Amino acid sequence: MNYRHIYHAGNFADVLKHAVLARLVRYQQNKDKAFRVLDTHAGIGLYDLSSEEAQKTGEWQTGIGKLMQAELAAPVADLLEPYLSAVRELNPDGGVKLYPGSPKLTRLLLRPQDRLSAMELHPDDARALSRQFEGDFQVRVTELDGWLALGAHLPPKEKRGLILVDPPFEIAGEYERLVDGLAKAYRRFATGTYCLWYPIKKGAPIKGFHEQLQALEIPKMLCAELSVRSDREEGLSGSGLIIVNPPFTLKDELHTLLPVLKTIMAQDRYASQRAFWLRGEA
Ligand code: SAM
């Protein structure tokens, strides 16, 4: 387990993931009834972008750094409001020094009745995450394999839930694990909303991954992808999200949001984006 998210926090992939996560949390809140967020690969929760590690890659500068400086038209600013208001709350003096990972972002958006269960397998990161939420009765942090949580922690007792699966993709077979993990989780909790993250890079088996997901015959599955550059060079060129049981408004929201995020974070003229039904309401 070598992956440390501090090197990548706030990059273009985090921007897409966290902007969508914030919308999904807000959508759950259209009903008063409590819900639970299950974050299976949670990281440390809060990232200092002035740290040596974050400065070394500087990835955040072409992600959240660019977005925070952009002039946003009203419809886009509205859609990003839950996400960017959380970032601003952590940086009251302006700019962006502290960046919220998925559990911290979620926590900043929860109402008193809502709950978060966060899993992290790396012992140091799990400890850092526990410290982050010490004494917070709305959050439970567990040092646990997130793939196991997809079985043991579902369905949530609230019977309403949002599940983020954001593995590091540092070992082979993670695309297949995502498919298997979703299949297992969906059998236990078919009414949950799921958000799965995956990388786009040279040679990535995206087509086969999509076909395996389609074969699960889960009725409503939306896909959102944003690439910031050509995949001819090595390294991460884009990222995607699979959203199962998405809010009915999400596809239109993505059609408003993705072209703007693409323009703001593009690194070359091959930047691209798309949002489409992998299964369902085509
Ligand atoms: N979700 C976080 C966010 O958006 O801020 C970022 C998570 S990072 C991409 C992936 C995390 O998963 C790392 O912190 C890594 O230590 C952790 N991890 C790796 N394998 C895991 C496993 N099997 N179960 C739980 N966590 C794991």
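Heads up, the sequence shown stops at 294 in the working numbering, and the numbers go up one at a time, no gaps.
Ideal Cβ positions, reconstructed from N, Cα and C, are used throughout, including at glycine.
All of these numbers come straight from a predicted model, not from anything done at the bench.
Can you tell me which of the three DSSP states V240 falls into?
-> Translated into positions along the sequence shown, residue 240 becomes position 228. Of the three classes helix, strand and coil, the one that applies to V240 here is coil, per DSSP.
G158 versus N257: straight-line alpha-carbon distance, rounded
Indexing the sequence shown from 1 puts residue 158 at position 146. Indexing the sequence shown from 1 puts residue 257 at position 245. For G158 and N257, the distance between alpha carbons rounds to 21 Å.
| field | Near the ligand SAM: A54 beta-carbon under 7 Å from a heavy atom | value | Position 42 of the sequence shown, counting from 1, holds the residue named residue 54. Yes - the ligand SAM has a heavy atom lying nearer than 7 Å to the Cβ of A54.
Only counting runs of 3 or more residues, tell me where the beta strand (DSSP E) segments fall wholly within the region 28 to 105, in order along the chain.
-> 48 to 51, 58 to 60
Query raised in the report: Which two residues bound the contiguous beta strand (DSSP E) that contains I255?
Result: The residue labelled residue 255 in the question sits at position 243 within the sequence shown. Its beta strand (DSSP E) spans residues 248 to 256.
- Query: For L96 versus L102, is the C-beta spacing smaller than 8 Å?
  - Reply: Residue 96 sits at position 84 when you count from the first residue of the sequence shown. Residue 102 sits at position 90 when you count from the first residue of the sequence shown. No, Cβ-Cβ distance for L96 and L102 is not below 8 Å.
Q. Out of curiosity, what's the CA-to-CA distance linking E65 and P180?
A. What you label residue 65 is simply residue 53 of the sequence shown in a count that begins at 1. What you label residue 180 is simply residue 168 of the sequence shown in a count that begins at 1. Just so you know, the alpha carbons of E65 and P180 end up roughly 17 Å apart.
**Prompt:** Helix, strand or coil: which one does DSSP assign to E265?
**Reply:** Your numbering for residue 265 matches position 253 in the sequence shown. Helix, per DSSP.
Query - CA-to-CA distance, G252 to P115, given in whole angstroms - result: Numbered from 1 along the sequence shown, position 103 holds the residue referred to as residue 115. Numbered from 1 along the sequence shown, position 240 holds the residue referred to as residue 252. Spanning the two alpha carbons is a distance of roughly 19 Å.
* Asked: Helix, strand or coil: which one does DSSP assign to P271?
  -> Stepping through the sequence shown from its first residue, residue 271 is reached at position 259. P271 carries a helical assignment under DSSP once its states are collapsed to helix, strand and coil.
Neighbour-count burial assignment, K274, 16 or more Cβ in a 10 Å radius: The residue labelled residue 274 in the question sits at position 262 within the sequence shown. Residue environment: K274 is assigned as buried (16 or more neighbouring CB atoms within 10 Å of its CB, all protein chains considered).
### Query
In the structure shown, what three-state DSSP assignment does G158 receive?
As a position in the sequence shown, residue 158 is number 146, starting the count at 1. In this structure, G158 counts as helix in the three-state DSSP scheme.
* Asked: What are the boundary residues of the beta strand (DSSP E) that R291 is part of?
  -> For this step, residue 291 is matched to residue 279 along the sequence shown. Start and end: 284 to 291.
_Just checking Y15 against the ligand HEM - is the residue's beta carbon closer than 7 Å to any of the ligand's heavy atoms?_
Looking at this structure, you won't find the ligand HEM anywhere; what it does contain is the ligand SAM.
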